[in-house]
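What follows is a single structure, written as structure tokens, with notes after it.
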Amino acid sequence: MTDDATPAILRYAAFTTRPEGGNPAGVVLDAEGLTDHRMLAVAAGLGYSETAFLTAGAAGGAYRVRYFSPLAEVPFCGHATVAAAVALAERTGPGRFVFGTAAGEVPVEVDRGADGVLRATLTSVEPRVEEVSEADVDEALALLGWARTDLDPQLPPRVAYAGARHLVLAAATRDRLARLDYDFDGLADHMRARDLTTLQLVWREAAEVFHVRDPFPVGGVVEDPATGAAAAAFGAYLREQGAVTAPAVLTLHQGEDLGRPGVLRVELRAEDRRIRVSGAAVPIP
């Protein structure tokens, strides 16, 4: 494809079985020859939080994948990975794919459920969890309009990574999580300076059930409706904190406050530090 050609742009909703739920993603399965400028223009024109651009690799089932928000390239995106894998499965059939991303290789398995819906499971790159300074936490809270007393003391702030960096902040109540009104430009500057992709704001409903929200101003989006990369990072965070013990399967509810409810399944295995994130994806008409 030449750069001035118009690529076929597919639209999928990830982490949902309904087109109006979950997180919309753009998918370009045949991105060969597209320049960075063209990919960014396509992503900006589409306006979704991310669009995935795929080029076929040398081996069967292997693809090079790049992810663009409306403002910039990001190293990894979970919901666009799920969407792209399901789009590939609709073209070639369910099975195993390997996505070569800027963050590393990400295997993805796609299966068709008894309900006929395709579901993808990605395996993250090796995760890590980092301490965060009190000053950085205070600045982030001020930009969010949160107080220290709004935090859950059982889940301390950390930066977690499983392909992209996310600041994890746990709310003490569901009401605090529901009220999101932040300084968009200020938080974007704060996050760029610290190489953060989103904030992973969470509230624990039960031992293995969480509600989450992800401000994404660095991508030009107020809030990401369902965030697979952050879900993987959060799984690593919970294990690091001893908040869950592997093997475990977590359920993350996201998008409810935006009117786009989605469900992310996060699996931790005792024998593997990598995190598995699963969800359905369906075409958007």
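For the sequence shown, the working numbering begins at 6 and goes up steadily by one.
For every residue, glycine included, the Cβ atom is placed at its ideal position computed from N, Cα and C.
Nothing here was measured: the structure is a model prediction, and the numbers come from that model.
Rounded to the nearest whole angstrom, the CA to CA distance from Ala145 to Glu228 is 16 Å. Along the stretch 149-214, the beta strand (DSSP E) occurs as fully enclosed runs of 3 or more residues at 163-166, 170-175, 203-211, listed in sequence order.
Proximity to Ala231 across Val87, Leu45, Val130, Gly50 peaks at Val87, based on C-alpha coordinates. With 16 or more other CB atoms across the displayed protein chains lying within 10 angstroms of its CB, His171 is buried. Inter-residue distance for His216 and Phe239 is about 12 Å (C-alpha atoms, whole angstroms).
An exposed status is given to His42, since fewer than 16 other beta-carbon atoms sit within 10 Å of its beta-carbon.
Here the stretch 32-47 makes no contact with the stretch 199-209; the two share fewer than three CB pairs at distances below 8 Å.
The bridge partners DSSP lists for Tyr242 come to none. Counting C-beta pairs closer than 8 Å gives three or more between the stretch 116-127 and the stretch 273-284, which meets the contact rule.
For Ala94, the enclosing alpha helix (DSSP H) covers residues 83-97.
The way I'd put it, the stretch 73-87 does touch the stretch 216-225; three or more beta-carbon pairs between them come closer than 8 Å. With respect to the C-alpha of Thr22, the residue from Gly100, Asp186, Gly118, Pro80 having the closest C-alpha is Gly118.
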